[in-house]
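Take the first sequence: its letters are residues 509 to 764, numbered as in the working numbering. Glycine is no exception: its CB is placed at the ideal position from the N, C-alpha and C atoms. Small disclaimer: the values here were computed from a predicted structure and weren't measured. Written out below as structure tokens is the structure these notes cover.
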Amino acid sequence: MKIATWNVNSIRQREAHVLRWIGQTQPDVLFLQEIKCEASGFPALGFHAAGYKAEVVGQKAYNGVAVLARVPFRVVHQALPGLPPDDAQARYIEVEVNGITLIGIYLPNGNSRGDDGFAYKLAWMDHLVNRAQALLDADIPFVIIGDFNVCPTDDDFAPGSLSPTDALVRPETRQRFRRLLWMGLTDAIRAIHPHRSIYTFWDYQAGAWQRDIGLRIDHALLSPSLAEQLVSADPDKDERGLPQPSDHVPVVIRLG
DNA sequence: ATGCCGGGTCCTACCCGA
């Protein structure tokens, strides 16, 4: 099974990119983040013609996640369990495929709106930890994949490109990411590439792509039994060099 | 130089991203 994630920074701007990419990469399941539209604005017809069924958790202008799949799936959750019911941010989709739970996330950045914004990020991560623990307790194999907005270690961003107070690297953020690892989840990219510097995002500004000033913030975490089946995990770096790219590239994992 | 580009929207000045 081939599972992918891609923060597309507006699906309406990136529809042709995604169509071409799924044609050449043939993922079984692709999670999208920052689609920046409501479900009614999502270009589902084109993806359907390409053999993919879509499920959309949309929001006007900001956030928004979706899943495209060419294998049958069942939608389990359209919001992160534990968040208040009036939370309007579209950042979570959970589906089940063949007894495996697949969770696509767009984790809050945490740099906006001061202390409140950072507290929201940490609370979101706490609920994600709780969801992972519940699935472990139920012995359900699962993948959490998407834009985590976390650089887990100092190897995961270009030297000097982030201040130590940035919400992507702050100790409280990394502590919660480590909690996911310590409960037994495997960081798929790092399991395959333990030492290389690997990025999944390059800012549009200041020639970040040309100077290779990037971040590794898009991740796939695997529960123990799925980690044993991990074959490959790679960002598709070439996408960043194409015309009108997203600032993130796709990440693809293969389970044997 | 935390807003240099590139999305979005109460349509064009301003909010947001990492």
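By how many angstroms is the C-alpha of residue j removed from the C-alpha of residue i?
| i | j | result |
| --- | --- | --- |
| L765 | A512 | It is not possible to answer for residue 765, since the shown part of the chain is limited to 509 through 764. |
| H525 | G554 | 12 Å |
| Q541 | V565 | 10 Å |
| G749 | D647 | 41 Å |
| R621 | A552 | 33 Å |
| V651 | R719 | 32 Å |
| R682 | Q567 | 28 Å |
Which residues in the same chain as residue i place their Cβ atom closer than 7 Å to its Cβ, once the five residues preceding and following it in sequence are excluded?
| i | result |
| --- | --- |
| Q641 | M691 |
| I725 | D655, F656, N657, V658, C659, L676, T708 and F709 |
| R578 | D536, G559 and Y560 |
| L689 | D695 |
If you drop the 5 nearest sequence neighbours on each side, which residues of the same chain put their C-beta closer than 6 Å to that of residue i?
| i | result |
| --- | --- |
| A587 | Y600 |
| Y628 | P616 |
| P743 | T708, V757 and V759 |
Please list the terminal residues of the continuous beta strand (DSSP E) segment that includes residue i.
| i | result |
| --- | --- |
| V739 | L738 to P743 |
| R762 | V759 to L763 |
For residue i, list the residues DSSP reports as bridge partners.
| i | result |
| --- | --- |
| W514 | L540 |
| L723 | F665 and F709 |
| V603 | V583 and L610 |
| H756 | F709 |
| V728 | With the sequence shown as reference, residue 728 is identified as Ala, and Val is not the correct amino acid for it. I653. |
Leaving aside the five residues before and after residue i along the sequence, list all residues of the same chain whose C-beta is less than 8 Å from its C-beta, in chain order.
| i | result |
| --- | --- |
| W632 | L588, L591, R599, L615 and P616 |
Return the first residue and the last residue of the alpha helix (DSSP H) that residue i is part of.
| i | result |
| --- | --- |
| L553 | A552 to A557 |
| P732 | P732 to A735 |
| E523 | I519 to T533 |
Below 7 Å, is the gap between the Cβ of residue i and the nearest heavy atom of the ligand HEM?
| i | result |
| --- | --- |
| D744 | Among the components modelled here there is no ligand, and therefore nothing to report on the ligand HEM. |
Enumerated in chain order, which unbroken segments of the alpha helix (DSSP H) with a length of 4 residues or greater are wholly contained in the segment 642 to 700? Correct list: 679 to 690 and 696 to 700.
Mind pulling the beta strand (DSSP E) runs of 3 or more residues that sit fully within the segment 561 to 592? Unbroken beta strand (DSSP E) stretches of 3 residues or longer found wholly inside the segment 561 to 592: 561 to 565, 573 to 577 and 582 to 585, given in chain order.
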